[in-house]
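Chemist:
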Amino acid sequence: MSLAQRLARPEILSLPPVDLAANANELFGPDAIKLDANENAYPPLVGGSLAENVNRYPEPQPARLRATMAAIYGVDPANLVVTRGADDAIEILIRTFCNPAKDAMSICTPTFSAYAQFARLQGARVIETRATPEFDFDPQAFVAAVRGEANLKLAFICSPNNPTGNLVPAADVLRVADALPDTIVVLDEAYIEFSEQESMAAMAATRDNLVVLRTLSKAYGLAGARVGCAIGNPELIALISRALPPYPLPTLSIAAAMTTLSPSRRAVHAERIAKIKADRDAIAVRLQESPVVRSVRNGGGNYLFLEVDDPASLAAAMRAAGIRVRFRPNAAPGGVRLSVGTDAENAAALAAFGVADAAPAHRRGEVVRDTKETRIAVTIDLDASAPRTIDTGVAFYDHMLDQVAAHAGFAMTLACEGDLHIDAHHSIEDVAIAFGTALSRALADRRGIGRFGFSLPMDETEAHVLIDLSGRPYSVFEASFEASHIGEYPTEMTAHVFRSIADALGAAIHVRVAGDNDHHKTEACFKAFGRALRPAVAKAGDALPSTKGVL
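Take 1 as the starting number for the sequence shown in full-length UniProt numbering and just add one per residue.
See below:
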């Protein structure tokens with residue numbers, strides 16, 4: 001008998017096993033007549049994409065989402081069960097293994113309050129061990145505190161820890177798991193994407209007494225969708241799945257998760273995570289100057305843990321500024337957890353802490369654009385030069401867009417999933433539209449910009465590009481190409497690219513190129529466009545570059 005079976009409550013063991021891989025759509029096909037679940041066959045009267053399939057129950061374990069999450073976390077689908085956020089996984093584990101008024105679970109405080117909350121709701125005892133004065137996890141003290149407990153079913157460890165951000169080394173987690181072979185150690189990695197620590201998900205997939213929790217709420221921005229998972233060995237995962245409700249995830253949550261985890265989104269997620277980490281580090285430094293902050297702890301989450309001298313006064317200042325922070329007096333006297341927000345939100349928070357934000361907010365534009373032909377996500381930061389990560393599926397086009405960003409001097413992350421099995425037209429056109437829209441959003445009200453741009457010669461090719469970021473779209477393209485394609489890129493699309501950018505950006509763009517080599521002529525167009533953009537988007541002051549008073 002496995003450890004999970006030995007520890008599980010008899011009520012759970014008496015429930016029938018759940019076939020996590022069951023998928024009626026695969027058996028009957030997506031167009032099957034569904035008369036088995038007492039559903040209303042008519043769609044709800046809400047209109048738009050919200051109405052799609054919500055009159056039907058979702059799969060108990062959405063197969064595509066489960067497989068996608070498993071691939072991202074580096075495990076097999078059999079090692080993973082999808083839950084309503086990591087909170088649901090916590091409750092299911094406690095419900096599965098803890099008998100009321102008999103069993104116990106252990107935590108190291110201060111930590112996420114849901115562990116103890118769900119245990120007490122279940123009637124289980126909670127054994128608490130205090131972290132070190134520096135809020136570090138002490139594996140020896142943790143094990144010593146439960147050594148005499150005969151009915152310790154679960155031990156929860158949070159890394160990065162919420163609210164302090166402290167990381168728990170993998171060696172310490174394994175030390176606890178080895179010292180407590182008859183207890184399931186649950187490692188909550190809700191914030192691990194914001195740290196430099198490696199996940200223990202793959203290790204949990206092979207051990208009897210280790211479970212890892214993950215969530216899409218934090219790094220992937222789906223807190224309102226409530227999507228998470230538990231990862232462990234297949235027998236344990238199958239066992240805790242018996243405690244799940246019949247349809248744990250709403251259809252809309254599944255759709256949101258599948259969209260945000262699509263390949264076209266991952267580069268932007270990585271760029272956002274890197275920005276959040278950089279912003280966290282910068283805010284931590286600035287808060288050292290605050291007259292109300294006694295200490296700043298910068299750990300591995302998307303937040304900082306502060307200790308302040310007068311929490312009541314700070315609470316009043318935050319209320320006056322309309323800023324919500326989390327006060328954690330049980331963690332430390334004057335304890336405050338401050339999440340990282342947008343540039344504007346971070347500046348407001350620093351001001352409330354009595355620190356002026358020395359750095360102006362970066363001019364950023366983000367676009368997510370989905371059609372039946374393409375899925376595109378793009379981020380442009382006009383005040384940073386890196387990263388530049390571009391994947392349109394058309395290699396030469398990637399190179400051209402990289403030339404634009406490099407010569408214009410801004411950072412860009414762009415990814416597109418398109419119907420390249422048909423041809424490259426839709427991907428190239430839609431990327432140009434998304435690029436122009438993101439650039440326009442980054443420019444915002446266009447105050448202080450140079451507005452106008454110029455031209456560039458290249459080798460035997462001469463390319464002239466003129467730009468006016470006037471807000472009025474107009475495109476002129478004068479060039480001819482002998483070759484139909486450069487790689488998989490159709491040369492006829494070059495004029496269309498600049499017209500699409502002009503329309504989406506709200507700019508007049510004039511391009512004229514002459515030369516003998518089609519590769520050089522095309523590259524010259526994009527390089528010259530980048531060079532022309534550099535002075536046009538450069539910001540100096542706050543004046544609006546227009547006698548009309550509007551762009």
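Note that the Cβ used here is the ideal one computed from N, Cα and C, for glycine as well.
1) Report the start-end ranges of each beta strand (DSSP E) in the stretch 75-137 that is 3 residues or longer and not cut off at the edges.
2) Could you name the residues of the same chain whose beta carbon sits closer than 7 angstroms to that of Ser241, not counting the 5 residues immediately before and after it, in chain order?
3) Excluding the 5 residues flanking Asn55 on each side, which residues of the same chain have their C-beta closer than 8 angstroms to its C-beta?
4) Note down the Cα distance separating Ala119 from Leu15, rounded to an integer number of angstroms.
5) Output needed for Glu235: all residues of its chain with C-beta closer than 7 angstroms, excluding positions within five of it in sequence on either side, in chain order.
6) Whole angstroms are fine: how far does the CA of Phe498 sit from the CA of Ala507?
7) Check each candidate in Ala532, Gly322 and Asp357 and name the one with the smallest Cα separation from Gln403.
8) Give me the Cβ distance between Pro263 and Glu417, rounded to the nearest whole Å; I'm assuming they're in contact under 8 angstroms.
9) If we call anything under 9 angstroms between Cβ atoms a contact, is His520 one with Glu460?
10) Taking only beta-carbon atoms, is Val75 less than 9 angstroms away from chain D?
11) Compute the Euclidean distance between the alpha carbons of Phe477 and His510, then round it to the nearest angstrom.
12) Taking the Cβ atom as the reference point for each residue, do Leu401 and Phe435 lie within a distance shorter than 9 angstroms?
13) Please report the residue range of the beta strand (DSSP E) in which Tyr474 lies.
14) Pull up the DSSP beta-bridge partners for Glu307, would you.
15) Would you mind sorting Glu193 into buried or exposed? The rule is 16 or more other CB atoms within 10 Å of its CB.
16) Hey, Gly487 and Phe396: beta-carbon distance below 9 angstroms or not?
17) In whole angstroms, give me the CA-to-CA distance for Ser159 and Pro169.
18) Count the other CB atoms, across all protein chains shown, that sit within 10 Å of the CB of Ile33; report buried if there are 16 or more and exposed otherwise.
19) Is it true that the stretch 333-351 meets the stretch 271-283, where meeting means three or more beta-carbon pairs spaced less than 8 angstroms apart?
20) Reducing DSSP to helix, strand and coil, say where Gly418 ends up.
21) Per DSSP, Ala155 forms a beta bridge with which residues?
22) Consult DSSP for Phe327 and reduce its assignment to one of helix, strand or coil.
23) Should Ala270 and Ser253 be called a contact, given that it needs their Cβ atoms to be closer than 9 angstroms?
Modeler: Taking the coordinates as given:
1) 80-83, 104-109 and 125-130
2) Position 241 of the sequence shown, counted from the start, is the residue given in the question as residue 241. Hits under 7 angstroms: Val18, Leu20 and Val81.
3) Against the sequence shown, residue 55 aligns to sequence position 55. Taken in chain order, the residues that qualify are Glu39, Asn40, Ala41, Tyr42, Pro43 and Pro44.
4) Translated into positions along the sequence shown, residue 119 becomes position 119. Translated into positions along the sequence shown, residue 15 becomes position 15. When rounded, the distance between both Cα atoms is 21 angstroms.
5) Taking the sequence shown and counting its residues from 1, the one referred to as residue 235 is at position 235. Counting only Cβ-Cβ distances below 7 angstroms, and skipping sequence neighbours, we find Ser2 and Ala4.
6) As a position in the sequence shown, residue 507 is number 507, starting the count at 1. As a position in the sequence shown, residue 498 is number 498, starting the count at 1. If you take the alpha carbons of Ala507 and Phe498, they lie about 10 angstroms apart.
7) Taking the sequence shown and counting its residues from 1, one reaches residue 403 at position 403. Gln403 has its Cα closest to that of Ala532, out of Ala532, Gly322 and Asp357.
8) Position 263 of the sequence shown holds residue 263. Position 417 of the sequence shown holds residue 417. At roughly 6 angstroms, the Cβ-Cβ gap stays under 8 angstroms, so Pro263 and Glu417 are in contact.
9) One-based indexing of the sequence shown puts residue 520 at position 520. One-based indexing of the sequence shown puts residue 460 at position 460. In this structure, Glu460 lies closer than 9 angstroms to His520 by Cβ.
10) Here there is only one protein chain, and chain D is not present.
11) For the purposes of this step, residue 477 is identified with residue 477 of the sequence shown, where counting begins at 1. For the purposes of this step, residue 510 is identified with residue 510 of the sequence shown, where counting begins at 1. Roughly 6 angstroms between the two C-alpha positions.
12) Taking the sequence shown and counting its residues from 1, one reaches residue 401 at position 401. Taking the sequence shown and counting its residues from 1, one reaches residue 435 at position 435. Cβ distance < 9 angstroms, so Leu401 and Phe435 count as in contact.
13) Position 474 of the sequence shown, counting from 1, holds the residue named residue 474. Run containing Tyr474: Tyr474 to Glu478, per the beta strand (DSSP E) assignment.
14) In the sequence shown, counting from the first residue as 1, residue 307 sits at position 307. The partner list for Glu307 (beta bridge, DSSP) reads Ser295 and Gly335.
15) As a first step, residue 193 is located in the sequence shown; it is residue number 193 there, counting from the start. That one is buried.
16) Translated into the one-based positions of the sequence shown, residue 487 becomes position 487. Translated into the one-based positions of the sequence shown, residue 396 becomes position 396. Cβ distance < 9 angstroms, so Gly487 and Phe396 count as in contact.
17) Within the sequence shown, the letter at position 159 stands for residue 159. Within the sequence shown, the letter at position 169 stands for residue 169. Their backbone Cα atoms lie some 8 angstroms apart in a straight line.
18) Taking the sequence shown and counting its residues from 1, the one referred to as residue 33 is at position 33. By the 10 Å Cβ count, Ile33 comes out exposed.
19) yes
20) Position 418 of the sequence shown, counting from 1, holds the residue named residue 418. Note: Gly418 maps to strand in three-state DSSP.
21) As a first step, residue 155 is located in the sequence shown; it is residue number 155 there, counting from the start. Looking at the DSSP assignment, Ala155 forms a beta bridge with Ser106 and Val185.
22) Taking the first residue of the sequence shown as position 1, residue 327 is located at position 327. DSSP places Phe327 in strand when its eight states are reduced to three.
23) Here residue 270 refers to the residue found at position 270 when the sequence shown is read from its first residue. Here residue 253 refers to the residue found at position 253 when the sequence shown is read from its first residue. The answer is no: Cβ separation not under 9 angstroms.
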